[in-house]
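Protein chains in written order, with the numbering used here: chain A, -5 to 283; chain B, -5 to 283.
Just so it is clear, CB atoms sit at the ideal spot from N, CA and C, and this is done for glycine as well.
Keep in mind the model is a prediction, meaning the values are calculated, not measured.
Read the structure below first, then the notes.
There are 2 protein chains.
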Amino acid sequence: MGERTAGALSALNLCFSEDFEVTLYRGGMVDKALEWGGGSVETEGAQYRKLAANMRREIEAGEFGNNGRLPSEESLAEQYGVSRGTVRNALALLRANGLVTSRRGTRRVVLGTARTQSFQELLSFTAWARAQGEEPGARTMHSRVRPATVAEREVLQLAAGDEVTEVLRLRLLGRVPVMLERTVYPSRIGAVIERLAADNLSHTEVLDASGVVFADSEHTIDVVAANQTDAQMLGCVEGVGLLREIRRATDPAGVPLLWSEDRFLPGTVSFAVHNSASVSSLARRRGIR
Amino acid sequence: MGERTAGALSALNLCFSEDFEVTLYRGGMVDKALEWGGGSVETEGAQYRKLAANMRREIEAGEFGNNGRLPSEESLAEQYGVSRGTVRNALALLRANGLVTSRRGTRRVVLGTARTQSFQELLSFTAWARAQGEEPGARTMHSRVRPATVAEREVLQLAAGDEVTEVLRLRLLGRVPVMLERTVYPSRIGAVIERLAADNLSHTEVLDASGVVFADSEHTIDVVAANQTDAQMLGCVEGVGLLREIRRATDPAGVPLLWSEDRFLPGTVSFAVHNSASVSSLARRRGIR
DNA sequence: CCTTAGAAGTTGGCTATACAACTTGCCGAA
DNA sequence: TTCGGCAAGTTGTATAGCCAACTTCTAAGG
Chain A
-5 MGERTAGALS ALNLCFSEDF EVTLYRGGMV DKALEWGGGS VETEGAQYRK
45 LAANMRREIE AGEFGNNGRL PSEESLAEQY GVSRGTVRNA LALLRANGLV
95 TSRRGTRRVV LGTARTQSFQ ELLSFTAWAR AQGEEPGART MHSRVRPATV
145 AEREVLQLAA GDEVTEVLRL RLLGRVPVML ERTVYPSRIG AVIERLAADN
195 LSHTEVLDAS GVVFADSEHT IDVVAANQTD AQMLGCVEGV GLLREIRRAT
245 DPAGVPLLWS EDRFLPGTVS FAVHNSASVS SLARRRGIR
Chain B
-5 MGERTAGALS ALNLCFSEDF EVTLYRGGMV DKALEWGGGS VETEGAQYRK
45 LAANMRREIE AGEFGNNGRL PSEESLAEQY GVSRGTVRNA LALLRANGLV
95 TSRRGTRRVV LGTARTQSFQ ELLSFTAWAR AQGEEPGART MHSRVRPATV
145 AEREVLQLAA GDEVTEVLRL RLLGRVPVML ERTVYPSRIG AVIERLAADN
195 LSHTEVLDAS GVVFADSEHT IDVVAANQTD AQMLGCVEGV GLLREIRRAT
245 DPAGVPLLWS EDRFLPGTVS FAVHNSASVS SLARRRGIR
C-alpha cells in the first residue's frame, strides 16, 4: 500500500456537511442561560449551533471516549435545558460533519474528532493558509477587463455585452509558490478588485468588507497537466500533474460572484469530504467541467 | 481560461407531472395518498424524502424557471397536505444539494439543476459508471491475506494480530483502464471478498447483498505521480499525475469496513462538491494523507 | 445451553403553534 | 424625485407531544 502514512493523530481533518435541519415545533417560552461550559462559549447565533459547538468541544476533549456513546437526546435536552428538537438540530450538525453516527434504536456513537473548517477557509486561500499556521502570499500577475465569453455569460449569468474582470494570481505559502489562480469576476465585483494592490492578500476579505456576502459555492476537483504558463509561474516542469479546483461562488440570492480555476502543485493540498448515507452531496463526475 | 467547457450536461430529466391533488382529511387519521406526480413516484421512505424527490423533479423540469422562486413553505405544505416541518425537511435536502438557496425573509430561489449522486455512486465505482451510462469493468490483479500494519490497525480499528485482506484491482470503463484500486478489508469483510471471481464487477454490491451496510464514508482527494506499477497497469507513463482518492467506509455503528486508495487516470473523473455558508463542508488540507 | 419472546430504551418522523429576524414593496413626506 | 418608514410576507428557531421503527437486554422456556 506504498506511501500511505500512518495517519498519526487526530488531525484527521475531514468534513462535509449539509444543512440538515430536522425541525420540530411547538410554542412555549424559554430564555435559557447560555453558560454551559465554563469560560468562553460560542455566544452568537442559534442555540442549537452553540449546543453543537459545545458538544463538539466535549467530544474532542474525549468526554465520551473515542467509540463511546453519547447521552440520549432526552437527557441532553434536560441537561442543557432545551427541547429535544433543539438537541436534534445540534446533533444533526455533528452528524453531518462525521463526528457521530445516528441510527434508529440505539444511542449515537462517537466516530472521531473531525476538525471542521469554515466556509471561509474553503473559499479563501488566505483564510485557509492562516488556519494552517502558514503565511499566505499573493502576487497578481495579470489583470484586465474584457467582454465575457459565452461560457462565462452562462456561468456568471451575464447578459450579452457584459464585461468581466479576469485576474491571474500566484499564491504562495511563505515564499514558495503553491497555486496559480485564474479568476473571473462580473464587472460589479471586478470594480472592487481592480483597485487593489498587486500583493493584496485576500480578495475574498476585501469583498467581504465591501458588503459582498458569499453564501454558496461549488467546487470541482480533478487533475490537469501543467501548461507552459503554469510551469513558468509555479516553477515546475511542463506537463506535470496539477490538482485543479474550479470554484464558483454565489451570494445569498443565488447571484454568481466569481468563477475561478486554481491549479495546485502536487503535495501542497488535498481535499477531504465526509459523506453519510442519509444525504450525499459530493459527486464523482465524468471528465472535466 | 482555456479548456473550460460550457457546462451544459445532464438535465435530461424529463418529467412533466401535473400534480394531482391529494385529498386528505385534516382532523382525523390521515392516510396520505402518495400520488403526487403522474406515474412512478418515490414510494419508499419518509414523506419528506418523497417530497424532496418530487420537488427535485419539478425543479429539473423547469417548473419554477431557472432563477425562479419556489412557493412558500406554507403553500407547499398545503399543496402537498403535509406540515410545514415536513416541507422544511424536504427543502433542507434540496438546499444541501445546492439546488435552491435558503435565506430568512425571502422565498427560496432555484440555483440550478445539480444532479446529485447517491451515496452508493460515490462509494462504488460500478454504481457510478452505470449511472454515467458507461460499462464498468474490473480485473483483480492481486489478492492476499496478511497481518495488518500499524496504520491499518488504527484506521480499521483492529487489534494486534488481526489480519486484513488486501486487493489490487484494475477498473475499466468499457475496455479502457481508468483506475487502479488498492483496498484493505478487515478479515470479517475480506472473507466475503476472497470468494469472488477475479472479474467480479462490484465488491460493494456483493457486500451489500451479504448484509453489510455502508453508512458513512470519508474521501480524501489529491494528486500523486504514477509509480511503476501504476504505469504498467493503467498503461500510462511513469510519473504522470494521477487523481488519487482515499476512501474509508464505516457501517451504521461506526465500525470500519474498508480502506482504499484509488488512482484515476487524468481526465477520467472529477469530484464536485456543493458548500453552503451556514455550515462548512469540504475541507482543504495541507499535504497528503 | 440455546433460542425466543417481550420489555425497555432510543432515534426517526410528523404535526401544531408561536415568535423572531429578515426581505421586499408600497406609500407618504420632504 | 428621493428617502424613510411601515406593513405584509417568508424563513429561522424553539417548544411540546405522539407514535413508529429499531436495538438491546433480560428472562422465560425448550
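*Would you tell me roughly how many angstroms separate the C-alpha atoms of B/Gly62 and B/Thr80, rounded to the nearest one?*
Cα-Cα distance, rounded: 22 angstroms.
_Can you pull out the residues from the region 209 to 229 of chain B whose beta carbon lies closer than 8 angstroms to at least one beta carbon of chain A?_
Residues of the region 209 to 229 of chain B that bring their beta carbon within less than 8 angstroms of a beta carbon in chain A comprise Ala209, Asp210, Ser211, Glu212, His213, Thr214, Ile215, Asp216, Val217, Val218, Ala219, Asn221, in sequence order.
*Of all Cβ atoms in chain A, is any one closer than 8 angstroms to the Cβ of B/Leu116?*
Yes, its Cβ sits closer than 8 angstroms to a Cβ of chain A.
*In chain B, which residues lie with their C-beta within 7 angstroms of the C-beta of A/Ala247?*
Within chain B, the C-beta atoms nearer than 7 angstroms to that of A/Ala247 come from Thr95, Val103, in chain order.
*Starting from B/Thr244, follow its DSSP beta bridges and name the residues at the other end.*
DSSP output for B/Thr244 lists B/Asp210, B/Pro250 as bridge partner(s).
*Segments assigned alpha helix (DSSP H), at least 4 residues, entirely inside the region 155 to 196 of chain B*: The region 155 to 196 of chain B contains these whole alpha helix (DSSP H) runs: 181 to 188.
_One question on the structure: do B/Thr95 and B/Leu105 come within less than 8 angstroms of each other, judged by their Cβ atoms?_
Yes, the Cβ-Cβ distance between B/Thr95 and B/Leu105 is below 8 angstroms.
*Would you give the residue range spanned by the beta strand (DSSP E) that A/Gly62 belongs to?*
Per DSSP, A/Gly62 belongs to no beta strand (DSSP E) and is neither H nor E.
_Does chain A have any CB closer than 8 angstroms to the CB of B/Phe265?_
For B/Phe265, the nearest CB of chain A lies under 8 angstroms from its own CB, placing it at the interface with that chain.
*If you draw a straight line from the alpha carbon of B/Gln114 to that of B/Trp122, how long is it in whole angstroms?*
Near 8 angstroms, if we compare the C-alpha coordinates of B/Trp122 and B/Gln114.
*List the residues of chain A that B/Val172 touches, going by C-beta distances under 7 angstroms, in chain order.*
The premise fails here: B/Val172 is roughly 10 angstroms from chain A at the closest Cβ pair, so nothing lies under 7 angstroms.
*Contact check, A/Met173 vs A/Arg98, beta carbons under 8 angstroms*: Not closer than 8 angstroms, so no.
*With 16 other CB atoms within 10 Å as the buried threshold, where does A/Gln41 fall?*
Buried, since its Cβ has 16 or more Cβ neighbours within 10 Å.
*Which residues mark the beginning and the end of the beta strand (DSSP E) in which A/Thr134 is found?*
Element bounds for A/Thr134: 130 to 141.
*Rank B/Met49, B/Arg124, B/Ser66 by C-alpha distance to the C-alpha of B/Thr100 and give the top, closest one.*
For B/Thr100, the closest C-alpha among the options B/Met49, B/Arg124, B/Ser66 is that of B/Ser66.
*Does any CB atom of chain A fall closer than 8 angstroms to the CB of B/Pro260?*
Closer than 8 angstroms to some Cβ of chain A, the Cβ of B/Pro260 qualifies, so yes.
_Tell me which residues of the region 148 to 178 of chain B have at least one Cβ-Cβ distance to chain A shorter than 9 angstroms, keeping chain order._
Within the region 148 to 178 of chain B, the residues whose Cβ lies closer than 9 angstroms to some Cβ of chain A are Glu148, Val149, Gln151, Glu160, Leu167, Arg176, Val178, listed in chain order.
*Is the shortest distance between the beta-carbon of A/Asp256 and the beta-carbons of chain B less than 8 angstroms?*
So, not an interface residue.
*Look at the alpha carbon of B/Asn60 and the alpha carbon of B/Asn91, and state the distance between them as a whole number of angstroms.*
Rounded to the nearest angstrom, the two C-alpha atoms are 16 angstroms apart.
*Based on Cα-Cα distance, which residue from A/Pro130, A/Glu52, A/Glu188, A/Glu68 lies nearest to A/Thr262?*
Closest by alpha carbon: A/Pro130.
*Output, in chain order, the set of chain A residues within a Cβ distance shorter than 7 angstroms of B/Ser64.*
At residue 64 of chain B the sequence reads Leu, which differs from the Ser that was named. In chain order: nothing, as chain A lies at least about 11 angstroms away.
*Counting Cβ pairs closer than 8 angstroms, one from the region 234 to 248 of chain A and one from the region 205 to 216 of chain A, do we hit at least three?*
The region 234 to 248 of chain A is in contact with the region 205 to 216 of chain A.
*asked:* I need the straight-line Cα distance from B/Gln151 to B/Arg43, nearest angstrom please.
replied: In a straight line, the C-alpha of B/Gln151 is about 33 angstroms away from that of B/Arg43.
_I need the DSSP call for B/Asn269, collapsed to helix, strand or coil._
In the three-state scheme derived from DSSP, where H, G and I count as helix and E and B as strand, B/Asn269 is classed as strand.
*Contact set for B/Ile187: own chain, Cβ-Cβ below 7 angstroms, skip 5 residues either direction*: Contacts found: Thr159, Val161, Tyr179, His197.
*What number of angstroms, rounded off, separates the C-alpha of B/Asn269 from the C-alpha of B/Ala209?*
Cα to Cα, the separation comes out at about 21 angstroms.
*Near A/Asn194, which residues of its chain fall below 8 angstroms by C-beta distance, leaving aside the five closest residues on each side in sequence?*
Ala132, Thr134, Val200.
_Can you pull the chain A neighbours of B/Gly92, defined as C-beta to C-beta under 7 angstroms?_
Residues of chain A whose Cβ lies closer than 7 angstroms to the Cβ of B/Gly92 are, in chain order, Asp210, Glu212.
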